[in-house]
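**Q**
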Amino acid sequence: MATKSDGSASAAAEGGARKTNIEAYRDGLKLKTEEDFFACDRQYVCQNYAPVPVVISKGKGARVWDINGNEYYDFLAGVSSLSQGHCHPRVIAALCRQAERLTLTLRAFGNDVTGPACRFMAEMFGYDRVLLMNTGAEAGESALKIARKWAYEVKEIPPDSAKVILCNNNYWGRTITACSSSTTFDCYNNFGPFTPGFELIDYDDVGALEEALKDPNVAAFFVEPIQGEGGVNVPKPGYLKRAHELCRSKNVLLIVDEIQTGLCRTGRLLAADHDEVHPDILLLGKSLSAGVVPISAVMGRADVMDVLKPGTHGSTFGGNPLACAVAVEALTVLKDEKLADRAERLGAQFRDCLRRELYGKVPWIKEIRGRGLLNAVEVDSDAIDPNDVVMKLKENGILSKPTRGRVMRFIPPLVITDEEHRDATTRIIKSFLAVEEERKK
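Using the working numbering, you'd call the opening residue of the sequence shown number 442 and step up by one each time.
1. Val733 and Val769 - do their beta-carbons sit closer together than 7 Å?
2. Tell me whether Asp716 is buried or exposed, calling it buried when 16 or more other Cβ atoms sit within 10 Å of its Cβ.
3. First and last residue of the alpha helix (DSSP H) that includes Asn828?
4. Going residue by residue through the region 443 to 518, where are the continuous beta strand (DSSP E) segments of at least 3 residues, counting only ones entirely within it?
5. According to DSSP, simplified to helix, strand and coil, what is Ser728?
6. Whole-angstrom Cβ separation of Lys682 and Val659, contact assumed at under 8 Å?
7. Is the separation between the beta-carbon of Gly526 and that of Pro853 shorter than 7 Å?
8. With distance defined between alpha-carbon atoms, name the residue in Pro666, Leu687, Glu670, His685 nearest to Lys677.
9. Contact criterion: CB-CB distance below 7 Å. Does Ala534 meet it with respect to chain C?
10. Note down the Cα distance separating Gly448 from Asp507, rounded to an integer number of angstroms.
11. Secondary structure at Phe851, three-state DSSP: helix, strand or coil?
12. Taking the CB atoms as reference points, tell me whether Lys604 and Gly648 lie closer together than 7 Å.
13. By how many angstroms is the C-alpha of Leu787 removed from the C-alpha of Asp859?
14. From what residue to what residue does the beta strand (DSSP E) around Lys677 run?
15. Does Glu579 pass the burial test, meaning 16 or more other C-beta atoms within 10 Å, or should it be called exposed?
16. Output the boundary residues of the beta strand (DSSP E) element that contains Cys794.
17. Using the C-alpha atoms, what's the distance from Asp826 back to Phe873?
18. Going by C-alpha distance, which of Arg531, Cys608, Leu650, Leu545 is nearest Arg689?
19. Looking at the secondary structure, which residues open and close the beta strand (DSSP E) in which Val664 lies?
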């Protein structure tokens, strides 16, 4: 069973502060049980998600608590949005301090936060220019606009003929353009007509990329260093390095999507660092704000980014002072707490332990893979229902959810302590073994 803890606390235990309007409204609705909350969701919330049956009310570090006081380890962490953990005190302090003085100006005016924040990021990641947006999908859209404009104005590709290469099984968002470049049925089904200008090749296939780059109208290769939502697919060593070499030889931009893999998740500041690659365009998001406010970033060289002139691109909330202050604190936490080293060490321990304890004992496990603290267990969905694993994990105090219907992801906050990580690993192993025992009955 998930454990109970005093940390789950009701609003009354939070210091007696005046209730917010949403707290007062919720209390007036007399929502008490999980079923009460899910009934409210079913009636009023667009049903584009199928959540695990838990109603979370509080989070701290690597743990969350539901409305009944049950405690869980969060092993999805906002799909890598919470690397610094839930409600990191330094990040929350930065949020509150900035929120009291200035939250939004639009970039129609200057402010005293956005410029310094962009300089901080440019220096940290080694780029000339930073474009701040809100979501990962916006960052991807922005990168594609930049790549196309660069292709026409710098590479001199004929008008309206620029092509971008992506990989099968990619995932970078849910916009129409993202759907247009997806091979995932649920992402594109009945959302056409689609944006043209994309060619899809197999992931981790240097030969396929080399062939696609023969087209002189290719503007960019848009790739994830590890396919996250696609199933935590880790390419062979050197794949990204060779891709970068091929792109440079053809004057093609390499766009690397580090929104899920970046910011210490895989044991390096960026996953591309494993191959010693410095992309032409870098995309960041998710843990860029430690899961507190939406912010994403597109970074690149001046000769690439400067194709955007006043009036060619924009965002109401992009680069707002509140998000910028939070992002700088979130990035500093990653560095100060040495979270890349932590991810490298704990991730290796996790994979070694699961392989030792589960291979040969659970026949429907096909592969245990990952890098750093981005890990997955792929199961045979013909032999077992992955949702049985989800529910057994929940019963044992672990929250996670599969992707692609067969890949269990294990993506905890990087701040998880050694003791918590050992405890969580034991619970995960116990859950898989229990599902196998029940299957054999």
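Cβ atoms here follow ideal geometry from the backbone N, Cα and C, with glycine treated the same way.
**A** Reading from the atomic positions:
1. Taking a C-beta distance under 7 Å as the contact criterion, Val769 and Val733 do not qualify as a contact pair.
2. Counting Cβ neighbours within 10 Å, Asp716 comes out buried, since at least 16 surround it.
3. Start and end: 827 to 836.
4. With a minimum length of 3 residues, the continuous beta strand (DSSP E) runs that stay inside the region 443 to 518 are 497 to 501, 504 to 507, 511 to 515.
5. In the structure shown, Ser728 sits in a helix (DSSP, three-state: H, G or I).
6. So it is not a contact: roughly 19 Å between Cβ atoms.
7. Contact flag unset, no.
8. Selected option, being the one with the closest Cα: Pro666.
9. Checking the listed chains, one finds no chain C in this structure; it contains a single protein chain.
10. Low local confidence applies: a pLDDT of 48 at Gly448 is under 50, so the model's placement there is unreliable, with the coordinate-based value given in what follows. Cα to Cα, Gly448 sits roughly 10 Å from Asp507.
11. Note: Phe851 maps to strand in three-state DSSP.
12. Contact annotation: Lys604 and Gly648 have beta-carbon atoms that are not nearer than 7 Å.
13. Cα to Cα, Asp859 sits roughly 8 Å from Leu787.
14. Looking at the DSSP string, Lys677 is not in any beta strand (DSSP E), and its letter there is neither H nor E.
15. It is buried - the Cβ of Glu579 has at least 16 other Cβ atoms within 10 Å.
16. For Cys794, there is no enclosing beta strand (DSSP E); the residue is found in the alpha helix (DSSP H) stretching over 780 to 799.
17. Using only the alpha carbons, I get a separation of about 12 Å.
18. Ranked by Cα distance from Arg689, the options Arg531, Cys608, Leu650, Leu545 are led by Leu650.
19. Where Val664 is concerned, the enclosing beta strand (DSSP E) starts and stops at 659 to 664.
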